[in-house]
Amino acid sequence: MKPDHLIKVCGMRQPENIQAVIDAGADWMGFIFYPKSPRFMDNSSFIKSITTVKKVGVFVNESASFVQDVVEEYGLDMVQLHGEEALQVVDSISTFVEVMKAFRIKTAQDFELVDAYVPFCNYFLFDTKSELGHGGTGQQFDWSLLQNYTAETPFLLSGGIRLTDVDRLKNIEHPALIGFDINSGFEIEPALKDVEQIKQFINHLKQN
1 MKPDHLIKVC GMRQPENIQA VIDAGADWMG FIFYPKSPRF MDNSSFIKSI TTVKKVGVFV
61 NESASFVQDV VEEYGLDMVQ LHGEEALQVV DSISTFVEVM KAFRIKTAQD FELVDAYVPF
121 CNYFLFDTKS ELGHGGTGQQ FDWSLLQNYT AETPFLLSGG IRLTDVDRLK NIEHPALIGF
181 DINSGFEIEP ALKDVEQIKQ FINHLKQN
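For the sequence shown, position 64 (counting from the first letter as 1) is numbered 64 according to this note's numbering, and the numbering increases by one without interruption.
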C-alpha cells in the first residue's frame with residue numbers, strides 16, 4: 001500500500017455526513033445518479049457547493065446527453081460508468097468530462113473486456129460481479145485476479161471493502177492501482193456512512 005493511494009467514498013446523500021467524511025480524509029466522493037439504487041441522489045443541489053474533493057457522478061446505462069446535463073448542473077469533475085455502456089457512448093462522454101469505467105469481475109476472463117475502453121477512459125474501477133445489482137453489494141472478488149489486468153490505465157479497487165481488510169489491501173501490489181473505493185462496508189444504513197470507521201480505515205492505510 002502506497003501512502004498516496006487515494007480513497008473514494010461512494011453512495012452518500014446527507015450533506016452533514018458527506019462533509020464529515022470529507023473532513024475524515026476522503027479524496028473523491030461518489031454521488032449515485034441511478035434511480036434503482038438505494039443510494040440514489042434525489043436531492044443533490046448542495047453538490048454544487050462542494051469544492052475540496054473530486055466529485056464523481058455514478059451512472060448506469062445513461063445516454064451521453066443525460067450525463068452531460070447532470071455534469072453541468074452539479075459541476076461534476078468525473079463520471080463513473082457502472083453499466084454496460086457501449087464504446088460509442090463512452091467515447092462521446094469522454095469529450096466533455098473525465099471518465100472512470102467500472103467492470104464487474106469474477107474470473108480472469110472478465111479483464112478481456114477492458115482493453116477496448118482504454119482509449120476513452122482516464123481510470124477504471126474493478127468491482128465484484130454479482131446478481132444483486134450494479135455495485136454496493138458488499139461482496140468481494142478474488143483480488144489476486146488483479147494480476148490479469150495488464151493495461152496502464154490507473155484503476156481503483158472496489159467491492160465489499162471493510163475496515164478489517166486494511167492489511168490485505170496494503171499487501172496488494174499492482175503498478176496501476178491508485179486507490180480504493182468504499183461504500184456499503186462502512187454504512188450504518190444505506191447512504192449513511194460510519195465516519196469513525198472511515199477515519200480508522202484511512203489512518204491505517206496511510207501508515208507504513
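Each residue gets a CB set at the ideal place from its N, CA and C atoms; glycine is no exception.
Note that the coordinates shown come from a computational prediction; the quantities given were computed from them, not determined experimentally.
Burial state of Glu187 (16 or more Cβ within 10 Å): buried
Gly83 (DSSP reduced to helix, strand or coil): coil
Hey, quick one: how far does the beta strand (DSSP E) through Glu98 stretch, first residue to last? Glu98 to Ile105
DSSP on Asp127, reduced to helix/strand/coil? strand
DSSP three-state assignment for Asp110, whether helix, strand or coil: helix
DSSP puts Lys8 in a beta bridge; with which residues? Trp28 and Asp181
Excluding the five sequence neighbours on either side, which residues of its own chain have a C-beta within less than 7 Å of the C-beta of Gly185, listed in chain order? Gly138, Gly160, Ile161 and Arg162
Tell me the start and end of each unbroken alpha helix (DSSP H) in the region 135-194 that is at least 4 residues and wholly inside, in chain order. 166-170
Quick test of your reading: Val90 and Val99, contact by CB under 8 Å. State the CB separation rounded to the nearest angstrom. 6 Å
Spatial neighbours of Asp27 in its chain, beta-carbon cut-off 8 Å, leaving aside the 5 residues before and after: Leu6, Ile7, Lys8, Val53, Lys54 and Gly179
Three-state secondary structure assigned by DSSP to Phe33: coil
Would you identify the three-state DSSP class for Val21, choosing helix, strand or coil? helix
Roughly how many angstroms separate the alpha carbons of Gln73 and Ala102, rounded to a whole number? Here residue 73 turns out to be Glu, not Gln, going by the sequence shown. If you take the alpha carbons of Glu73 and Ala102, they lie about 23 Å apart.
Assign Val70 to one of three DSSP states: helix, strand, or coil. helix
Coarse secondary structure for Val60, derived from DSSP in three states: coil
I'd like to know whether the C-beta atoms of Val56 and Asp77 end up nearer to each other than 8 Å. yes
Closest Cα partner of Ala33 within the set Gly11, Ala20, Phe124 and Phe46: Per the sequence presented here, residue 33 reads as Phe, with Ala not at that position. The shortest C-alpha separation from Phe33 is found at Gly11.
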